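In my numbering, the protein residues as written are 8 to 192. Here the structure is laid out as structure tokens; the discussion comes afterwards.
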Amino acid sequence: MAAGQTKETDYALLFIVFGLVLVDMAAWVYGRFAKTPGRVVAALLVAGGIWLGWPKDAAAAPVTASGYSLKWEHWSPEAVTAARAAGRTIYVDFTARWCATCQTNKAAVFTSNDVLAALEKKNVPLLKADWTSRDPAITEELAKWNRSAVPFNLIYAPGQAEPVVLPELLTPGTVVEALAKTAAK
8 MAAGQTKETD YALLFIVFGL VLVDMAAWVY GRFAKTPGRV VAALLVAGGI
58 WLGWPKDAAA APVTASGYSL KWEHWSPEAV TAARAAGRTI YVDFTARWCA
108 TCQTNKAAVF TSNDVLAALE KKNVPLLKAD WTSRDPAITE ELAKWNRSAV
158 PFNLIYAPGQ AEPVVLPELL TPGTVVEALA KTAAK
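Pasting the structure below:
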């Protein structure tokens with residue numbers, strides 16, 4: 008199964024990979040500690056891996072009380088320029104379907120009601136630069152920022168020359184804090 012074969016809003020591949028990691032850990036524990044406690048731990052790891060990697064129905068995206076939900080638009084330099092000219096705060100996500108860190112970030116951050124509320128409050132356009140197929144325009148943009156890989160996330164604030172560069176590992180608090188800082192500038 009390739010990363011592009013799963014739906015954009017589900018994290019099936021990510022859960023399968025993490026499930027396989029747990030099964031692999033179980034094999035190591037069993038081989039290293041073959042006595043009874045090692046067997047119990049190995050069995051628990053196998054059970055956890057199977058549970059985590061087993062196909063599940065995709066959860067619906069969270070929605071704020073007012074009905075706001077995520078709507079990703081295609082990234083392009085022109086889209087950034089247009090949104091900046093309109094004086095809007097912009098969130099740009101350089102990502103790829105095969106990037107486990109990218110998918111983990113999305114699962115952790117963009118299912119948070121606090122993040123959704125902060126995005127809704129500022130009416131932030133969400134631009135996705137999907138580098139799954141190594142788009143040359145995205146590669147060029149990453150190079151401008153001295154980056155050679157994803158994830159890479161930016162928040163452009165109105166009236167600010169440079170965007171806020173977010174860390175590679177995101178939390179809801181990190182994103183909410185960065186959005187709040189853009190208002191303070």
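We put the beta carbon where it would ideally sit given N, CA and C, even for glycine. Small disclaimer: the values here were computed from a predicted structure and weren't measured.
Our two residues, W58 and L21, have alpha carbons roughly 13 Å apart in a direct line. Within the region 112-183, the complete beta strand (DSSP E) runs of at least 3 residues fall at 133-137, 159-163. Non-local C-beta neighbours of G45 in its own chain, meaning closer than 8 Å and more than five positions away in sequence, comprise V36, Y37, R39, ordered along the chain.
When DSSP states are grouped into helix, strand and coil, W35 belongs to the helix group.
Non-local C-beta neighbours of T189 in its own chain, meaning closer than 7 Å and more than five positions away in sequence, comprise T96, I162, A164, V171, ordered along the chain.
Residue range 79-81 is occupied by the beta strand (DSSP E) that includes W79. The way I'd put it, the region 41-55 doesn't touch the region 84-102; fewer than three beta-carbon pairs between them come closer than 8 Å. In the structure shown, T102 adopts extended strand secondary structure according to DSSP, grouped into three states. Relative to the Cα of A114, the nearest Cα in the group E85, V47, L177, W105 belongs to L177. For A33, same chain residues with a beta-carbon under 7 Å away, outside a window of 5 residues either side, are A49, L52, V53, G56 in chain order. For R95, no alpha helix (DSSP H) encloses it, and the DSSP letter there is neither H nor E.
Remark: C-beta atoms of A125 and V24 do not approach each other more closely than 8 Å. Taking a contact as a CB-CB distance under 8 Å, the pair W138 and A168 does not count as one, their CB atoms being some 25 Å apart. If you draw a straight line from the Cα of S83 to the Cα of K63, it is about 34 Å long. Beyond the five residues adjoining it in sequence on each side, E80 comes within less than 8 Å, by CB distance, of A86, P132, L133, L134, K135 in the same chain, given in chain order. The shortest CA-to-CA distance from S119 to any of V182, A187, A41, A19 is the one to V182. A straight line joining the alpha-carbon of Y98 with that of E127 spans about 12 Å.
When DSSP states are grouped into helix, strand and coil, A41 belongs to the coil group. A direct Cα-Cα distance of roughly 5 Å separates G26 from G60.
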